[in-house]
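Following: one structure in structure tokens, then a few remarks.
Numbering (our numbering), first residue to last: -5 to 348.
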């Protein structure tokens, strides 16, 4: 949902959240008397126009001394840039204080010991108040302990201690962040495989395809297409598993194919084809979806995916070029198949199209 709202890929959002441990960074607070971004833009425009310090100060309603210091600490009249000055002010404004659990001492040692004993941060915080009722230096909130565990840029307690928590999550998740009411995993307007024409089931007609997305390491993917009559295979390079990317890649392939070989496409329940209606509008090819958790309904495709692992073993990256994928598809289509009476898929498809 966040990825869709920001127009980004889900992996990008996930990577950003993981880098911050799922903890929202503190919002920058600008002092009431500090220069704003608009003030700095006003200074920059005044300098470009050749105005004096006093004229610029009057224009932005600030004392001349403030304007003079701002320009002097950011390179002078010739080098001053509003964006650079704003970034520098933001960096100086942060001035992070030393974290309590970042300093060696009894408190840090005790918290680490209790985490290693599988105590939760809330149990540790409550116990410390009972154990040291008069020593406020030994009091700490459970939220501070969580932040020390999850914030990667601080690494106050060591990332390995996250495994001591009950959930062992790599990042924090808000209690309000639930999937309740979200249409997760649901494909709007999905047409069931049970409504496919009879000709698809009999395999007597060419042009009915089964498709899937196989995944490799480093979030890489290949779309696989197998024609049910001839078992001919097409491999499609995709740059991501989001629906828009997959839909566009498949559309380009089907638009290049002869109309006689484009009659239907059967896919599993993966949301990578959630925009199936867009695909159908572009290609004229209807899409049918398998029942949930029923990969056997695309048995031809599943079998071909197994053959592909000879060329792309599990755990390898699937970011080969389209030229390389075409080479592998040609090799598969040139292998005899028992189900075809040991003819090759290329030969079986060629007989129909001649």
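We put the CB at the ideal spot given by N, CA and C, even for glycine.
All values reported here derive from a predicted model rather than from experimental measurement.
Residue ranges of uninterrupted alpha helix (DSSP H) with 4 or more members, entirely inside the stretch 37 to 67 and ordered along the chain, are 47 to 54, 58 to 66. Here residue 50 is near residue 36, since their CB atoms are less than 8 Å apart. About 11 Å separates the CB atoms of residue 267 and residue 232; that is not less than 8 Å, and the two are not in contact.
Here the alpha carbons of residue 110 and residue 134 stand approximately 18 Å from one another. Beta-bridge analysis with DSSP links residue 231 to 216. Fully enclosed alpha helix (DSSP H) runs of no fewer than 4 residues occupy 70 to 73, 76 to 88 of the stretch 68 to 107, in order along the chain. A distance of 8 Å or more separates the beta carbons of residue 222 and residue 274. Of all alpha-carbon atoms in 114, 108, 204, 124, the one lying nearest the alpha-carbon of residue 283 is that of 204.
Residue pairing by DSSP places residue 207 opposite 217 in a beta bridge.
Looking at the backbone, the Cα of residue 234 and that of residue 206 are separated by about 14 Å. Inclusion of residue 296 and residue 289 in the CB contact set at 8 Å is warranted, their separation being smaller than that value. Ranked by Cα distance from residue 304, the first of 119, 326, 292 is 326. Shown here, residue 291 sits in a helix according to DSSP, grouped into three states. With fewer than 16 other Cβ atoms inside 10 Å of its own Cβ, residue 63 counts as exposed. Residue nearest to residue 140 within the set 113, 129, 319 is 113 (criterion: CA-CA distance). Cβ contact annotation for residue 306 (same chain, cutoff 7 Å, sequence separation greater than five): 210, 312, in chain order. Per the C-alpha coordinates, the member of 226, 107, 123, 195 positioned closest to residue 338 is 226. Only residues of its own chain outside the window of five on either side were considered, and among them 76, 79, 80 have a CB closer than 7 Å to the CB of residue 34, listed in chain order. Taking all protein chains in view, the Cβ of residue 42 is surrounded by fewer than 16 other Cβ atoms within 10 Å, so the residue is classified as exposed.
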